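For reference, the structure discussed in these notes is given below.
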Amino acid sequence: MRYLRWIVLVFLVLAMWSKPGAAQPSSTSQRATLFEGARLITGDGRAPIENAAFLVENARFTRVGRKGEIQAPAGAARVDLTGKTVIPALIDGHSHIGYMKNLTSGAQNYTRENILDHMRRFAYFGVAASQSMGTDFGEMPFQLRDEILAGKYPDAARFLTAGRGLAPLSEIASDNMRQAAFPVTTVAGARASVQELVPRKVRLIKTWVDTRGGAVKPMSPELYRAIIDEAHKNGLRVAVHATELEQAKDLLRAGIDVFAHMISDVDDELVALFKQHPNTVVLSALGGPRRAVYVPWLNPVHPLIIETVLPEQIARLQGRFPQRDAAQLARSTASWERLARGFAKLTAAGVKIGVGTDGGGQQGDQFLGWTMHTELENMVAAGMTPAQVIVAATRTTAEILEIDDLGMVAAGKSADFVVLDANPLDDITNSRKISQVYLRGVAIDRAKLRAGFMNASATN
Ligand SMILES: [Zn+2]
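Note that the working numbering has the sequence shown beginning at 1, numbered continuously upward.
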């Protein structure tokens, strides 16, 4: 009761302070902003709201509707977004964070500073959260994840981590990022490795089941079944790197939760298995196969790349793509087309598909943040409509990653959104025409970030 008296007293003092006509607006309305006039794509797949209004208070959306319907509290700021399009901040379900630094990629770059640089790159490109898939190690990533969540770095996207993945020995090499993984050789060891991740509060366990085109012996079904079983017993889900059809089928039978990549072939049996396992989802990760055949953004180089990536790293990628060897290009084209057909088939079957970019990954020069925008275009090329792609990249991926407060512009969600100069429903590449990015209700300083990227990269 004593506390109650104090609370009432404090309340009265605050009320006097903010009475009409007082010089200082109340602290609440100082943090209220009404955004008006934009075309609003909320992320739920419904038609956009033209001439919309939405209110942000204390870093959250509190009201969403049409201009004129929503009254701002006294003292609220107003932002005119007439002519702009607003989408929820994007979410990347599959990346490898902390390794890439200009021309080098490896564990030697894996520092708190480099992870923060990467999370700021995601933010710069309108991505509010990215899931690192099994290549993190040590305690630092879990600490950094929690610090970003607590708001310590307002211009950084959320860093989600699966911690160390679980890989067979055949997948682990000193220079392939899977040096971070738990080597899995026995059922008991597999279960113990899952157990180590439980107190770190990961939401996903990452594993690899792949022959790499027949080159390596994949993880045995006995081991991946043990991983899946142990994860489920502990309320966790399992994301697998698996791209081959027969393994994908057995993983579905074994109760896998997330395919971290699109599967390279899709047949009717696979579709039927997905229908029997409606909670199993797929992350797109079309970027590798697609850029082998389609890189118009490298010639001319897109301005967003020029302003965030040093010239020598751009030049290296230009040296690889477009491919000039005709036979190789024909093979790449065939595999992209097969992948796209499978993607369309899963989309038509109603399989839940989120966005993963594999940004920062091993094929090299998968520019963090930028890959999100090429991935959106890839998904349209593979048969989704722009409207479907935006839902996949926002609400659906948030659901897959179990991030309750991201993925939509809706009352109660964190006010993370992107202001665009053009409508991505007309042309998905309009997602690149970024005017502003808001995280937790505050516009990030993109000019300052840009300067930092070009500096930080120069040190390596
Ligand atoms: Zn990956």
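Backbone N, C-alpha and C fix where the C-beta goes; we use that ideal spot for every residue, glycine too. Since the structure is predicted, the reported quantities are computational estimates derived from the model, not experimental observations.
Applying the 10 Å Cβ sphere with the 16-neighbour rule, what's the burial state of residue i?
| i | result |
| --- | --- |
| Gln-24 | At Gln-24, the pLDDT of 40 sits below 50, so the modelled position is not reliable and the matter cannot be decided from this model. |
| Ile-115 | buried |
| Ile-306 | exposed |
| Asp-325 | exposed |
| Gly-134 | buried |
| Ser-174 | exposed |
| Asp-146 | exposed |
| Ala-451 | exposed |
| Lys-152 | exposed |
| Gln-313 | buried |
| Gln-276 | exposed |
| Lys-206 | buried |
| Arg-178 | buried |
| Arg-78 | exposed |
| Gln-71 | exposed |
| Pro-278 | exposed |
| Ile-444 | buried |
| Thr-33 | buried |
| Arg-121 | buried |
Work out the CA separation of residue j and residue i for me, nearest whole Å.
| i | j | result |
| --- | --- | --- |
| Tyr-224 | Thr-394 | 30 angstroms |
| Arg-200 | Phe-142 | 7 angstroms |
| Val-13 | Gly-412 | A caution first: Val-13 carries a pLDDT of 43, below 50, which makes its placement in the model too unreliable to give a value. |
| Ala-410 | Thr-111 | 35 angstroms |
| Leu-149 | Glu-139 | 16 angstroms |
| Ile-428 | Val-380 | 8 angstroms |
| Ala-59 | Asp-416 | 8 angstroms |
| Gln-388 | Ile-403 | 19 angstroms |
| Leu-204 | Val-282 | 14 angstroms |
| Leu-144 | Ser-105 | 20 angstroms |
| Glu-461 | Val-198 | What is shown of the chain runs 1 to 460, which leaves residue 461 out entirely. |
| Gly-45 | Val-391 | 6 angstroms |
| Asn-378 | Arg-290 | 7 angstroms |
| Gly-364 | Gln-318 | 12 angstroms |
| Ala-162 | Lys-101 | 21 angstroms |
| Val-209 | Gln-247 | 7 angstroms |
| Ala-254 | Ala-192 | 19 angstroms |
| Met-219 | Ala-226 | 11 angstroms |
| Gly-165 | Glu-230 | 14 angstroms |
| Gln-108 | Gly-361 | 15 angstroms |
| Ser-26 | Leu-368 | Caution applies to Ser-26, whose pLDDT of 41 falls short of 50 and renders its modelled position unreliable; the value that the coordinates give is listed next. Taking the straight line joining both Cα atoms gives about 40 angstroms. |
| Val-309 | Lys-84 | 27 angstroms |
| Thr-82 | Arg-212 | 50 angstroms |
| Ala-22 | Gly-75 | Unreliable placement is indicated for Ala-22, whose pLDDT of 36 sits below 50; the coordinate value is still reported in the next sentence. Rounded to the nearest angstrom, the two C-alpha atoms are 11 angstroms apart. |
| His-94 | Ala-129 | 10 angstroms |
| Leu-376 | Ala-285 | 10 angstroms |
At a threshold of 7 angstroms, does residue i count as lining ligand 1 (C-beta to nearest heavy atom)?
| i | result |
| --- | --- |
| Ala-260 | yes |
| Met-133 | yes |
| His-461 | Summary: the structure shown does not reach residue 461, with the chain confined to residues 1 through 460, and so no result is reported for it. |
| Asp-146 | no |
| Asp-358 | yes |
| His-241 | yes |
| Gly-361 | yes |
Span of the alpha helix (DSSP H) holding residue i?
| i | result |
| --- | --- |
| His-232 | 221-233 |
| Pro-300 | Taken as a continuous stretch (DSSP letters only), Pro-300 belongs to no alpha helix (DSSP H), as it is neither H nor E. |
| Glu-244 | Segment: none, Glu-244 is in no alpha helix (DSSP H) and carries neither H nor E. |
| Asp-268 | 268-276 |
| Val-389 | 386-391 |
| Gln-313 | 311-320 |
| Gly-287 | 287-291 |
Taking the beta strand (DSSP E) that residue i belongs to, which residues open and close that run?
| i | result |
| --- | --- |
| Ala-77 | 77-80 |
| Thr-397 | Looking at the DSSP string, Thr-397 is not in any beta strand (DSSP E); the run it does join, the alpha helix (DSSP H), is 397-400. |
| Val-240 | 237-241 |
| Arg-66 | 60-66 |
| Leu-34 | 32-36 |
| Gly-93 | 90-95 |
| Glu-57 | 52-57 |
| Ile-434 | 434-439 |
| Leu-425 | Leu-425 -> no beta strand (DSSP E), and no H or E assigned at all. |
| Val-295 | First-last for Val-295: undefined, no H or E at that position. |
Taking 7 angstroms as the cut-off, is the beta-carbon of residue i closer than that to any non-hydrogen atom of ligand 2?
| i | result |
| --- | --- |
| Lys-217 | Because ligand 2 does not appear in the structure shown, any question about it cannot be addressed here, the ligands present being ligand 1. |
Q. In chain order, which alpha helix (DSSP H) runs of at least 4 residues are fully inside the region 327-376?
A. List check, alpha helix (DSSP H) in window: nothing returned.
Q: Please list the segments of the alpha helix (DSSP H) lying wholly inside the region 121-187, counting only runs of 4 or more residues, in order along the chain.
A: 140-149
**Q.** Unbroken stretches of the beta strand (DSSP E), 3 residues or longer, contained in the region 190-224
**A.** 204-208
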